[in-house]
Amino acid sequence: MARRRRPDPAEGPQLAAIMDDAEEDVLAYMTFPKEHHAKLHSTNPIERLNGEIKRRTEVVGIFPNDDAIVRLVGAILLEQNDEWAVPRARYMTLETISQKSDDPLISLPAVAR
Numbered sequence: 031m032a033r034r035r036r037p038d039p040a041e042g043p044q045l046a047a048i049m050d051d052a053e054e055d056v057l058a059y060m061t062f063p064k065e066h067h068a069k070l071h072s073t074n075p076i077e078r079l080n081g082e083i084k085r086r087t088e089v090v091g092i093f094p095n096d097d098a099i100v101r102l103v104g105a106i107l108l109e110q111n112d113e114w115a116v117p118r119a120r121y122m123t124l125e126t127i128s129q130k131s132d133d134p135l136i137s138l139p140a141v142a143r
């Protein structure tokens, strides 16, 4: 269990209950292998993708219709999917995830909340 400061009831009567309820979700990334921890809590790939979509849509300026926006953004997303699918560029490897999958203390729950 992670060490954390217990909230003072004076800070808010429901704060301790909220923190206790959220603890499992907040610490879920710790069930993955250590080498994945930094990558799991980071939103950098998503932020970079959002930036790329913004950059490429601003180049166009004004779109003639909604379908044109959907086509461009869809093409950007497909391009990014192809980049992420290449094994040399994988964000996480299946080999490092599967190393721990048989350990009941580290394996992920069967059903997510």
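Going by the working numbering, the first residue of the sequence shown is number 31, and it counts up by one from there.
Quick reminder that beta carbons are idealized off the backbone N, C-alpha and C, glycines included.
This structure is a prediction, so every number in the text was calculated from the model and none was measured.
Query: Quick check on DSSP: helix, strand or coil for residue 61?; Result: helix
Query: Do residue 87 and residue 99 have their C-beta atoms closer together than 9 Å?; Result: yes
Query: Among 78, 91, 61 and 50, which one has its Cα closest to the Cα of residue 107?; Result: 78
Query: Determine the direct distance from the alpha carbon of residue 83 to that of residue 112, and round the result to whole angstroms.; Result: 15 Å
Query: Kindly list the residues whose CB is nearer than 8 Å to the CB of residue 101, restricted to its own chain and excluding five residues on each side of it in sequence; keep chain order.; Result: none
Query: Could you tell me the alpha carbon to alpha carbon distance between residue 97 and residue 91, rounded to whole angstroms?; Result: 15 Å
Query: Express the C-alpha separation of residue 95 and residue 47 in angstroms, rounding to a whole number.; Result: 48 Å
Query: Helix, strand or coil for residue 87, going by three-state DSSP, please let me know.; Result: helix
Query: Is DSSP giving residue 100 helix, strand or coil here?; Result: helix
Query: Of all the options 80, 59, 73 and 65, which has the alpha carbon lying nearest to the alpha carbon of residue 103?; Result: 80
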